[in-house]
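Peer 1: A single structure is presented below for examination.
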Amino acid sequence: MAALAATTAGAAQAVPRIEGTGPAASAASEAAAPTQLRIMDWNIQGAQGTDHVTDINRIIKVIGQENPDIVTLQEVHDDTAVGQPNQWQQLLDAFPQFTAHFAKSDGDGSGGNAGNLILSRFPIKERLTYLLPQYPANTNAVRRSLGGVRLDVGGTDVRVYTSHLSAGLSDMPTERRNRQARAIVAKLPADLMDTPMVFSGDLNIRPDDPIRPLFAGAGWNDTWTELHENIGASAITHPGGTDVDRIDYVYATPSFDVTAAHTVVTSASDHYPVISDVSVRSSAVAKEGTVMAGPASASGWANVAASADGSATLRVCDNAADGWGVRAYVRDKSSATTVLTGADGAYADGCGGFTAPPASLPSPIVKVCLYRAGEEKNCRELTVT
């Protein structure tokens, strides 16, 4: 990843990382090809730390130390209308290597504007700002947005999207957030799921939230659970609550392999940043598909991606702590032979990745079942075309 240098004075201080508890994975090399990317997502809360002091320099320091290629930020303020700083311009001044897209959401409560910011060290070829629907129509809740860019990453188109969904656990904000999530999935380009795309943000969705399978069903892979436990102390992104307070996500399409993921312990915001290292698969994804598990399609899922060279990647996730695991079988359409079998293994809150060698799976069929000991139930099957 390209080195980034913050222009603020003072020596950088070490920022502790939480690496997670999953399988060991090495970070991308400094000499990696352009298709090796570090993506950083962070709700910076207007640069207000847990000490209630607003200091953009602390945000700049953490970003500089993490050395990302692409940064997606939420709660970025532009308060020039009231004589206060434009935070996204401050970030651009600190990191002149970046280009930016600011997707304005709504007022920030002080007369200025707030929104989502995408920073990229790669050229931005296209920008998108999409205002999410309000619910109810006459609500005075903050209007949310989806920001997106199309990047030229060494000649490869990479699309990056980010958003910040409404908070709250009562019925009204939950329905508002669910409608926002559905609008986002409908807006993200379903016909490009076999290309490199990233969707990230503060979704205010906990790992066991019933709306979370919506993203999986559309083919989006949670980069954190590619390598780590779904819940637990190492997964927390909104500290001060419980072990299920993982509400910030970096999702990617199957065109990416995830090589590392970690959070950063910092008091610069009320959220921890999430950093995912990904690489574009050496063989382009030719076809991919997802089968949801369980009677309500909420117990988990299996996603299979078949590459142009005939290799395949199977990802199996369990999203319900109900004592039943998720198991998937993959075979080629022309044969009854099972090429891949994968299961979450922990019976709850986990994902697993499995691969088949090139030329073994040109036309996959995937079956997913709930299982416990020797029993299987609620099996479903999909031919990936």
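Here the working numbering runs 74 ahead of the position in the sequence shown, where the first position is 1. Backbone N, C-alpha and C define an ideal beta-carbon position, used for all residues, glycine too. All of these numbers come straight from a predicted model, not from anything done at the bench.
Just the C-alpha distance for Ser-240 and Asn-304, rounded to the nearest angstrom, thanks.
Peer 2: If I take the Cα positions, the gap works out to 21 Å.
Peer 1: From Asn-377 to Pro-347, what distance separates their C-alpha atoms?
Peer 2: Distance between the alpha carbons of Asn-377 and Pro-347: 26 Å.
Peer 1: Can you look up Ile-285 in the DSSP assignment and give me helix, strand or coil?
Peer 2: Ile-285: coil per DSSP, three-state reduction.
Peer 1: Would DSSP call Trp-294 helix, strand or coil?
Peer 2: The answer is coil: DSSP assigns Trp-294 none of H, G, I, E or B.
Peer 1: Got a sec? Which residues, its chain only, sit under 8 Å from Glu-140 by beta carbon, not counting five neighbours each side?
Peer 2: Contacts found: Val-89, Arg-112, Met-114, Val-338, Pro-347, Ile-349.
Peer 1: DSSP beta-bridge partners for Ile-305?
Peer 2: Beta-bridge pairing links Ile-305 to no other residue.
Peer 1: Here's a check: name, in chain order, each residue in its chain whose Cβ is nearer than 6 Å to the Cβ of Trp-116, leaving out the five neighbours to either side.
Peer 2: Cβ neighbours of Trp-116 beyond the five flanking positions: Leu-147, Pro-347.
Peer 1: Could you name the residues of the same chain whose beta carbon sits closer than 6 Å to that of Gly-374, not counting the 5 residues immediately before and after it, in chain order?
Peer 2: Around Gly-374: Ala-367, Cys-391, Asp-392, Asn-393, Val-400.
Peer 1: Smallest Cα separation from Ala-433: which of Glu-450, Ala-386, Val-440?
Peer 2: Considering only alpha carbons, the answer is Ala-386.
Peer 1: In whole angstroms, what is the alpha-carbon distance linking Leu-206 and Ser-219?
Peer 2: In a straight line, the C-alpha of Leu-206 is about 5 Å away from that of Ser-219.
Peer 1: Would you tell me roughly how many angstroms separate the C-alpha atoms of His-151 and Gly-397, rounded to the nearest one?
Peer 2: His-151 and Gly-397: Cα-Cα distance of roughly 44 Å.
Peer 1: Just the C-alpha distance for Ala-360 and Thr-269, rounded to the nearest angstrom, thanks.
Peer 2: For Ala-360 and Thr-269, the distance between alpha carbons rounds to 9 Å.
Peer 1: Check whether the Cβ atoms of Arg-224 and Lys-199 lie closer than 7 Å to each other.
Peer 2: The answer is yes: Cβ separation under 7 Å.
Peer 1: Between the Cα of Pro-247 and those of Ile-279, Pro-431, Phe-169, spot the shortest distance and give me the residue it belongs to.
Peer 2: Comparing Cα positions, the closest option is Ile-279.
Peer 1: Taking the continuous alpha helix (DSSP H) assigned at Gln-208, which residues delimit it?
Peer 2: Per DSSP, Gln-208 belongs to no alpha helix (DSSP H) and is neither H nor E.
Peer 1: According to DSSP, Ala-335 sits in a beta bridge with which residue or residues?
Peer 2: DSSP lists Ser-350 as partners of Ala-335.
Peer 1: Determine whether the beta carbon atoms of Ala-372 and Pro-284 lie at a separation below 7 Å.
Peer 2: Yes.
Peer 1: Here's a check: name, in chain order, each residue in its chain whose Cβ is nearer than 8 Å to the Cβ of Ala-121, leaving out the five neighbours to either side.
Peer 2: Hits under 8 Å: Thr-128, Asp-129, Ile-130, Arg-132, Ile-133, His-151, Gln-161, Ala-342, Ser-343.
Peer 1: How is the beta strand (DSSP E) around Ile-441 delimited, first residue to last?
Peer 2: Before going further, note that residue 441 is Lys rather than Ile in the sequence given. 438-446 is the extent of the beta strand (DSSP E) around Lys-441.
Peer 1: Run the CB neighbour count on Ser-408, radius 10 Å, all protein chains shown included, and call it buried at 16 or more, exposed below.
Peer 2: So Ser-408 counts as exposed.
Peer 1: Is Arg-201 near Phe-172, with beta carbons less than 7 Å apart?
Peer 2: Not closer than 7 Å, so no.
Peer 1: At what residues does the beta strand (DSSP E) containing Arg-401 begin and finish?
Peer 2: Taken as a continuous stretch (DSSP letters only), the beta strand (DSSP E) holding Arg-401 covers 399-406.
Peer 1: Run through the DSSP bridge pairs and tell me what Phe-273 is partnered with.
Peer 2: Phe-273 pairs with Tyr-235, Tyr-325.
Peer 1: So Leu-166 and Ala-174 are supposed to be a Cβ contact under 8 Å. How far apart are they, rounded?
Peer 2: With a Cβ gap of about 5 Å, Leu-166 and Ala-174 count as contacting.
Peer 1: Which residue's Cα is closest to the Cα of Ser-329: Asn-295, Val-458, Gly-228, Leu-301?
Peer 2: The candidate whose alpha carbon is nearest that of Ser-329 is Asn-295.
Peer 1: So, using beta-carbon positions, are Ser-357 and Ser-381 closer together than 7 Å?
Peer 2: Contact flag set, yes.
Peer 1: Note down the Cα distance separating Gly-416 from Val-458, rounded to an integer number of angstroms.
Peer 2: About 17 Å.
Peer 1: When we look at the beta-carbon of Pro-287 and count the other beta-carbons within 10 Å, is it buried (16 or more) or exposed?
Peer 2: Buried, since its Cβ has 16 or more Cβ neighbours within 10 Å.
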